[in-house]
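Chains as they are written, first to last, in numbering that gives the first Met the number 0: chain A, 0 to 258; chain B, 0 to 290; chain C, 0 to 360.
Even for Gly, the Cβ is constructed at its ideal location relative to N, Cα and C.
I have placed the structure first, in the form of structure tokens, so that the comments after it can refer back to it.
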Amino acid sequence: MNLLDLQNVTLRFGGLVAVDNVSFSVKQGEVFSLVGPNGAGKSTIFNMISRFYDPAEGDILFQGQSILKKASHDIPHLGIARTFQNIELFEQASVLQNLLVGRQRHRRSNVLEEILFLPKVRKQEHHHRLAVEHVIDFLDLQPYRDKFISGLPYGIRKVVEMGRALAIGPKLLLLDEPASGLSTEETQDVAFWIEDIKKVMGITVLMVEHDMHLVNSVSDRVLALADGKILTIGTPSEVQNHPDVIKAYIGSDEEDALT
Amino acid sequence: MDALQLLLSGLSNGCVYGLIAMGFVLIYKASEAINFAQGDMMMLGAFITLGLTNEQYFDLPFWVSVPMAMLLMGAIGYALDALILRKMFGQSQIAVVIVTIALGFVARFVAGAIWGYEPQSLESPIAGLDFRFAGLALGIDELMVIIVTIALTGALYIFFARTKLGVAMQAASQNQMAAFYMGIPVKRMHSLVWALSGVIAAIAGILFASKGSIDPSTGLLGIKAFAAAVIGGLGSLPGALIGGLLVGIVEPFAARYIEGDIARIMPYLLLVLVLVFRPHGILSQVQSKKV
Amino acid sequence: MRIIFKTSYDADIRYFSNRVPALWYLALLLMSIALPFIINEFWLGEFTLMLIWAIAGMGLMLLVGHSGQASLGHAAFMAVGAYSNVILQEYGLPFILSLPLAGFFAGLAGVLVAMPTTKLHGIYMAIATIAIGVLAEDLIVILAPWTGGVSGKFAPSIEIFGINFDRYGNVSGLYWLILGITCLIVLGYRNILRSPLGRSFMAIRDSEISAQAMGVNIARTRTISFALSCAITGISGALMGHFSLVFTNETFNIVISIYLLLMIVIGGLGFIQGAFIGAAIVTFLPSVISFSRDAFFSNSAIIPGIESGMFGAILIFVILFEPMGLYGRWLKIRSYFELFPFYRRDMFRRQKSYLKTERMR
Chain A
0 MNLLDLQNVT LRFGGLVAVD NVSFSVKQGE VFSLVGPNGA GKSTIFNMIS
50 RFYDPAEGDI LFQGQSILKK ASHDIPHLGI ARTFQNIELF EQASVLQNLL
100 VGRQRHRRSN VLEEILFLPK VRKQEHHHRL AVEHVIDFLD LQPYRDKFIS
150 GLPYGIRKVV EMGRALAIGP KLLLLDEPAS GLSTEETQDV AFWIEDIKKV
200 MGITVLMVEH DMHLVNSVSD RVLALADGKI LTIGTPSEVQ NHPDVIKAYI
250 GSDEEDALT
Chain B
0 MDALQLLLSG LSNGCVYGLI AMGFVLIYKA SEAINFAQGD MMMLGAFITL
50 GLTNEQYFDL PFWVSVPMAM LLMGAIGYAL DALILRKMFG QSQIAVVIVT
100 IALGFVARFV AGAIWGYEPQ SLESPIAGLD FRFAGLALGI DELMVIIVTI
150 ALTGALYIFF ARTKLGVAMQ AASQNQMAAF YMGIPVKRMH SLVWALSGVI
200 AAIAGILFAS KGSIDPSTGL LGIKAFAAAV IGGLGSLPGA LIGGLLVGIV
250 EPFAARYIEG DIARIMPYLL LVLVLVFRPH GILSQVQSKK V
Chain C
0 MRIIFKTSYD ADIRYFSNRV PALWYLALLL MSIALPFIIN EFWLGEFTLM
50 LIWAIAGMGL MLLVGHSGQA SLGHAAFMAV GAYSNVILQE YGLPFILSLP
100 LAGFFAGLAG VLVAMPTTKL HGIYMAIATI AIGVLAEDLI VILAPWTGGV
150 SGKFAPSIEI FGINFDRYGN VSGLYWLILG ITCLIVLGYR NILRSPLGRS
200 FMAIRDSEIS AQAMGVNIAR TRTISFALSC AITGISGALM GHFSLVFTNE
250 TFNIVISIYL LLMIVIGGLG FIQGAFIGAA IVTFLPSVIS FSRDAFFSNS
300 AIIPGIESGM FGAILIFVIL FEPMGLYGRW LKIRSYFELF PFYRRDMFRR
350 QKSYLKTERM R
């Protein structure tokens with residue numbers, strides 16, 4: 000069954016076609032990766048799924064329903080969580096509070112009940128905390144639980160970012176470059192976690208990543224993009240050996256060398 | 000005829016607002032800081048000129064004290080940035096707003112302590128002279144304000160488009176990091192922009208003082224000028240002037256044709272309307288953030 | 000050095016993390032209750048005023064410190080509270096009903112302001128609220144049939160179940176009443192902070208984009224924070240009306256709004272305690288200045304405007320040297336002693352957030 004479908008999605012910024020007639024489907028329970036040179040439109044696709052951008056043409060379906068009528072803050076309530084490439088954590092709050100914000104989807108109390116902090120609210124807080132503690136255990140964040148984000152090193156922030164998305168309790172997890180800027184060791188941790196997210200938690204993962212090693216080790220299928228167009232979709236090894244993909248990467252390298 | 004008269008006095012008032020607004024915009028463009036003390040800097044510039052010119056104080060010739068006041072205000076602007084604003088690099092915009100408000104409080108106190116809280120007028124050679132033409136009574140002072148504003152706008156335009164320093168300032172404001180790597184001393188550029196807006200504040204102050212009396216709370220006019228800057232769209236010099244003129248022209252017309260109390264709130268009503276319907280001003284310069 | 004072992008999730012939910020601060024705050028509360036037996040009526044009046052400022056400060060703190068929106072026009076909502084409180088009492092409502100209703104109306108005014116301005120950010124929001132503050136002052140004059148215009152309104156003395164809390168007749172009673180209201184508001188505030196609502200405020204403060212990605216409805220959350228903030232401020236305005244007996248459009252002018260903002264910044268943004276510290280400075284600074292003048296310059300003339308000048312100067316120093324405010328400084332001093340000799344200077348250092356441009360949203 001398809002969890003997410005993009006159907007002929009196109010997005011233009013002024014004259015520039017950022018995403019050009021892209022269609023693909025993410026199946027329930029798989030790890031699906033988007034690869035491609037910078038500016039290929041990978042993050043743009045994420046931002047369209049998050050409803051930060053409106054596609055000019057085409058449709059995006061989640062569990063068979065179009066999400067284009069939804070506002071961005073409704074997307075997590077459907078069960079889609081995401082991380083950000085450049086880490087967008089709540090800086091002036093602790094790791095615990097950051098993760099608890101992810102539980103917003105499961106909030107069942109109104110403003111008045113919370114101001115009075117009725118027993119019901121307290122009970123709910125215990126549930127939220129329990130759910131968040133599972134994420135903390137899973138990602139080994141125990142030593143940082145009460146630390147403020149603003150004082151944490153980059154690698155840990157990256158993990159907290161992933162934890163916050165997991166705290167939502169999603170069906171689909173969008174990871175925007177989960178390994179960028181991480182050491183080899185940390186990247187290996189990320190690979191294990193993605194495996195477990197898929198197998199143990201049963202969450203479908205859609206990932207943008209440049210580290211081909213990570214992509215190859217965790218992905219079931221890979222989609223290669225260049226200049227907003229799909230080059231190919233297939234298993235990691237198929238995509239890596241596809242002539243167009245090789246050309247796209249070498250081509251972009253040449254451009255880099257020239258500038 | 001009546002309308003024309005109102006238009007002229009509105010224009011000259013609007014020019015003063017526009018000048019203060021330009022001071023805001025200069026600093027905003029350079030460092031994204033909002034200088035809420037710009038109105039108080041104008042007041043200070045006016046008082047310094049008054050202190051140098053008037054008989055009871057230094058009694059210097061008007062044309063000597065004007066450049067001196069401009070220089071002094073430039074120095075004050077530079078010092079404010081170098082001593083205070085530069086230390087706040089990296090703090091939030093609101094923190095900067097709050098500090099400049101506090102600077103305004105201090106400036107008002109200093110002016111009050113030196114020159115007193117009674118309204119005073121500048122002994123300016125252009126004050127109170129009339130120029131009658133086809134039934135219109137146009138004050139030389141009002142005409143002067145309009146001429147100086149036009150000249151100053153032109154000069155600023157040429158400065159930013161043609162001179163090396165102006166281009167460097169623009170570069171520093173558009174991309175601090177890139178400008179820094181290109182060897183532009185970004186911090187000094189910021190201080191120079193503050194100095195420049197100090198000079199403009201002095202000019203605005205002198206022009207304002209030529210049209211009437213001043214007291215330490217004259218700087219609160221800055222709020223109105225600030226409204227003008229926002230109406231025009233922060234970050235655009237022509238926008239600042241347009242916003243200033245708009246506010247300046249709306250005021251006398253509202254005062255004439257609408258009941259007094261409601262007329263007084265027109266500039267702010269205009270501001271609220273602009274903010275609600277065109278949140279980033281008439282000449283907006285806002286783009287979406289990329290994630 | 001003290002190490003706290005947490006044994007249940009409630010340890011992070013309780014008002015106090017352990018018994019020591021709980022005892023300190025209990026002692027503070029007992030001291031506050033005993034205050035009328037210790038000091039004279041003049042100083043008790045000053046302390047009452049401080050509590051009123053602190054309530055207003057808490058209202059603004061909720062907005063600025065906890066949901067990251069600036070307001071430079073909050074005195075307008077104090078005015079809404081003050082006027083609606085007295086007008087309702089003129090219609091015969093008792094204080095015990097008119098006060099919460101005054102808060103409700105101020106909150107409603109907050110919603111009316113917040114709804115059209117939810118798209119505005121940072122500076123633009125600050126400007127819009129300045130305009131609101133200025134407009135409110137003039138609106139009071141325009142609405143003279145209800146507000147009494149420039150001649151103002153007279154606040155009757157408070158009566159609850161036959162007990163009279165007159166400003167001059169029952170100074171201690173009024174103090175205790177306002178102390179009680181303050182405590183209730185502090186409790187509500189703390190409850191907000193430890194519940195999902197408080198976390199959604201924090202989320203929109205720190206990153207709107209990821210707040211959305213976490214399912215926080217930004218427009219709704221901003222409106223709620225505005226409503227609650229204005230309601231609290233409105234209650235302080237109503238109390239201020241009773242405290243100053245007569246109030247006019249001048250009582251709640253734009254300078255008061257700016258004072259409120261400066262007050263909470265000096266106290267420490269993001270801390271409830273900061274509102275109280277800021278309120279203490281605003282209330283007692285004039286007395287301190289006049290006392291030190293009498294002590295050091297026996298025959299000097301009174302310098303008008305010195306309060307706001309001093310206030311501005313203190314504020315500049317605080318922001319330059321202690322961005323976390325006076326309460327933040329106190330936290331640092333306290334952890335220095337608690338951790339002695341292991342305190343490091345960089346323990347509270349934050350990563351500098353380099354110029355986040357407002358032109359890119």
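If you draw a straight line from the C-alpha of residue i to the C-alpha of residue j, how long is it?
i       : j       : result
L219(B) : F51(A)  : 40 angstroms
L259(C) : M77(C)  : 11 angstroms
L107(C) : A226(C) : 6 angstroms
A92(A)  : S194(C) : 14 angstroms
A130(C) : V79(C)  : 16 angstroms
A20(B)  : A224(B) : 5 angstroms
A279(C) : M49(C)  : 6 angstroms
I122(C) : I47(B)  : 30 angstroms
G168(C) : I157(C) : 11 angstroms
T9(A)   : K41(A)  : 13 angstroms
G308(C) : A106(B) : 8 angstroms
I48(A)  : F23(A)  : 13 angstroms
M161(A) : P177(A) : 8 angstroms
L186(C) : T250(C) : 28 angstroms
L71(B)  : I257(C) : 28 angstroms
D53(A)  : P115(C) : 23 angstroms
Please list, in chain order, all residues of the same chain as residue i whose beta carbon is under 7 angstroms from its beta carbon, the five residues on each side excluded.
i       : result
V120(A) : S108, E112, E113
A262(B) : A253, A254
Could you name the residues of the same chain whose beta carbon sits closer than 6 angstroms to that of residue i, not counting the 5 residues immediately before and after it, in chain order?
i       : result
N252(C) : E136
E40(C)  : V170
L173(A) : F45, R81, L205
T128(C) : S70, L71, G72
M69(B)  : V198, A201
Tell me which residues share the same chain as residue i and place their Cβ nearer than 8 angstroms to its Cβ, disregarding the 5 neighbours each side in the sequence.
i       : result
L270(B) : A226, V229, I230
A21(C)  : Y14, F15
T356(C) : In this predicted model, T356(C) has a pLDDT of only 41, less than 50, meaning its place in the structure is not dependable enough to derive any value.
L34(C)  : L43, F46, Y174
Opposite residue i in the DSSP bridges: which residues?
i       : result
L319(C) : None, per the DSSP bridge assignment.
Q259(A) : One cannot answer for residue 259(A) here, as it falls past the ends of chain A, which runs 0 to 258.
R81(A)  : L173(A)
G233(A) : V221(A)
M262(C) : For M262(C), which the question treats as bridged, DSSP gives no partner whatsoever.
I213(B) : Q119(B)
F23(A)  : L5(A)
Quick one: using the 10 Å Cβ neighbour count with 16 as the cut-off for buried, is residue i buried or exposed?
i       : result
F336(C) : exposed
A53(C)  : buried
E90(A)  : buried
E87(A)  : buried
L272(B) : exposed
H241(C) : buried
M176(B) : exposed
S236(A) : exposed
D175(A) : buried
T162(B) : exposed
M42(B)  : buried
M124(C) : buried
F246(C) : buried
A74(B)  : exposed
D195(A) : exposed
H120(C) : buried
T52(B)  : buried
V238(A) : buried
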